[in-house]
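In the UniProt record's numbering, the protein residues as written are 1 to 519.
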Amino acid sequence: MDLIPAPRGAQVQDDGEPFRLGAHTALAAGPGTGGTERWLRATVGAAYGLALPPGVSGAADTITLLVDDALAVEEYRLAVSGTGVEIRGGDAAGLFWGAQTLRQLLGPEAFRRAPVADGPPCIPQVTIEDAPRFAWRGFMLDVARHFMPKDVVLRCVDLLAAHKLNVLHLHLTDDQGWRIEIKRYPRLTEVGAWRTRTKVGLRDSPLWDERPHGGYYTQEDIREIVAYAAARHVAVVPEIDIPGHSQAAIAAYPELGNSDVVDTTALPVLTSWGVNPNVLAPTDTTLRFYENVLAEVVELFPSTFVHIGGDECPKGQWRESAAAQARIKELGLADEDALQSWFIRHFDTWLAARGRRLIGWDEILQGGLADGAAVSSWRGYAGGIAAARAGHDVVMCPEQHVYLDYRQDAGPDEPVPIAYVRTLEDVYRFEPVPSELTEDEARHVIGVQANCWTETMDSVRSVDYMTFPRLAAFAEVAWSRLPAPAGRDYRQFSARMHTHYRRLDALGVEYRPPSGPHP
Ligand code: TNX
């Protein structure tokens, strides 16, 4: 069966008649199934050229979909007998994950778009019970450094769902680009979405791509992405990065920057990479501006969490700026770290008043965490541990395991090395819950996330190459209850991957082959 991610339990009845999918196979859906039958027709039905007409629950030659309150949220049971298939989900999401498992059971051809010639397949009799380990199983796509067109994002949602991942975190703003239309501030996209050229490689690289680069999602695009994802039980979490990584916004609206220490009217959308000194000014103008931005953002994204970045905000300009220093005094704050914390707290309160929750990178711990804030722990585990101990929710995404921009091998033909090598096995050995947390503290680790920063990825092909196959290993960490890293069977996972590569082939994913680019 070679299921990825591995289910909690599976029992195959070797001696039973297999179930044969065919022209007469019907699809029956009970109430509350949330469109999974439509998804099955559009994917499995299309791949085999089958209509899967509506049928009667439990009848012969029928795939039956049911919501069963006795099961937990996202849990599912899948039973294949000689005469039919039954999937029960604790909710519509659980049912959908069960349908994803059914697609894997059918075979790699079930992942194709065009009908296969060799006819519908058989599935062995099997009973599967399954439920996720973590509620937040995320993937971050940085669409700010390189803009990814809408269809790339929709395809990404499908790939996440195929791996039972359920959060797409969109990094929508950064120094190098602003990617979401905000009606009240048109210059954010008229100016902020475009840069004149792009550095190829990192700091010491002499190379430039001299073509202008840019693009953004209209609000209509965003609505389409959010609805498409919701139909696949994927939540889209927007990130508007403040108070660092904001030069594209300052290029569009210079009054947002520290204009008493730098001529903000001369700042362009940034064309190179790294930690950038040009950060937001801690003024009321800035607060009102971002409140207005976030007001449009929360209208578009129904997700509980809104990510406000908070990472890599150098404090140099605040130290130099008389206005920022006056602000620190006026607010009675200890230092610039406290000023960053004041910034974040403001939006924590603002979001909470609108029924939303703030999440930020672990730098938001500096100067004290805002009351309701959750933390994306990226600089290792320390930030996540500190936050969990203080009773805050944590999404673990430590760079040493799940940074997909780090190359997968040291070979000379690998893409530009951002940092050290992180192999497929390194990702597989990721343990999200540090052993030093007590059981109560560990409950605050609500999930895990793999992050794909795109400084060096300018196309869907390069994102594919860096993301896969590592996302498959990550999905297993996120979904399956694996033993502690030392006891994990990487060889057994690798054996299952042979089938999974054929699924990715059928999906048209240009993963890094296990033997590397030049075998
Ligand atoms: C750090 S991770 C960043 C990003 C870069 C990334 C490159 C984080 C919150 N900030 O701005 O793209 O390193 O690996």
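Heads up, the beta-carbon is just placed ideally off N, CA and C, and yes, glycines get one too.
Can you give me the C-alpha to C-alpha distance between Arg356 and Val269, rounded to a whole angstrom? 30 Å
With DSSP as the reference, identify every bridge partner of Arg357, one or two as the case may be. Phe305
Residue of Leu52, Glu220, Tyr490, Ala374 minimising C-alpha distance to Ala472: Tyr490
Reference Ile359; option with closest CA among Met1, His171, His213: His171
At a threshold of 6 Å, does residue 537 count as lining the ligand TNX (C-beta to nearest heavy atom)? Since the first residue of the chain shown is 1 and the last is 519, residue 537 is not available in this structure.
Classify Ala149 as buried or exposed, calling it buried when 16 or more other Cβ atoms lie within 10 Å of its own Cβ. Contrary to the premise, residue 149 reads as Pro rather than Ala in this sequence. Exposed, because fewer than 16 other Cβ atoms sit within 10 Å of the Cβ of Pro149.
Consider the C-beta atom of Asp311 and the heavy atoms of the ligand TNX; say whether any pair is separated by less than 6 Å. yes
Say yes only if the C-beta of Trp453 is nearer than 6 Å to one or more non-hydrogen atoms of the ligand MG, and no if none qualify. Here the bound small molecules are the ligand TNX; the ligand MG is not part of this structure.
Is DSSP giving residue 520 helix, strand or coil here? In the structure displayed, the chain extends from 1 to 519; residue 520 sits before or after that span and is not available.
CA-CA distance, Pro7 and Ala475? 11 Å
Between His163 and Gln100, what straight-line distance do the alpha-carbon atoms span, to the nearest angstrom? 8 Å
Ile418 CB to nearest heavy atom of the ligand TNX below 6 Å: yes
Is Asp464 buried or exposed, if buried means 16 or more other CB atoms sit within 10 Å of its CB? buried
Euclidean distance between Cα positions of Val402 and Val427: 6 Å
Just confirm the distance between the C-beta atoms of Asp142 and Thr454, as a whole number of angstroms; I'd bet it's less than 8 Å. 4 Å
Bridge partners of Glu129, per DSSP? Gly9, Arg77
Considering only residues of the same chain and omitting the five flanking positions on each side of Val12, which have a CB-CB separation below 6 Å? Pro124, Val126
Start-end ranges of the beta strand (DSSP E) lying completely within the region 57–112, minimum 3 residues: 62–67, 76–80, 84–89
Which one of Val262, Pro469, Pro206, Gly384 has the shortest CA to CA distance from Glu425? Pro469
Trp178: beta carbon under 6 Å from a heavy atom of the ligand TNX? no
Got a sec? Which residues, its chain only, sit under 8 Å from Gln325 by beta carbon, not counting five neighbours each side? Trp318, Arg319
By the DSSP assignment, the beta strand (DSSP E) with Cys452 in it spans what residues? 445–452
Under 7 Å between the Cβ atoms of Ile446 and Asp393? yes
Quick one: is the Cβ of Asp118 within less than 6 Å of any heavy atom of the ligand TNX? no
Which residue or residues does DSSP assign as beta-bridge partners of Pro238? Leu170
Collapsed DSSP secondary structure at residue 525 in the structure displayed: One cannot answer for residue 525 here, as it falls past the ends of the chain, which runs 1 to 519.
For a test of the three-state rule: what should DSSP assign to Ala144, helix, strand or coil? coil
Taking 8 Å as the threshold, find out whether the region 54–69 comes into contact with the region 107–124 through three or more Cβ pairs. no
Taking 6 Å as the line, does the beta carbon of Asp405 fall inside it for any heavy atom of the ligand TNX? yes
Express the C-alpha separation of Arg354 and residue 521 in angstroms, rounding to a whole number. It is not possible to answer for residue 521, since the shown part of the chain is limited to 1 through 519.
Assess contact between the region 271–286 and the region 374–390, defined as three or more Cβ pairs (one per stretch) separated by less than 8 Å. Is contact present? no
For Pro31, which residues in the same chain have their Cβ closer than 8 Å to its Cβ, ignoring the five residues on either side in sequence? Val67
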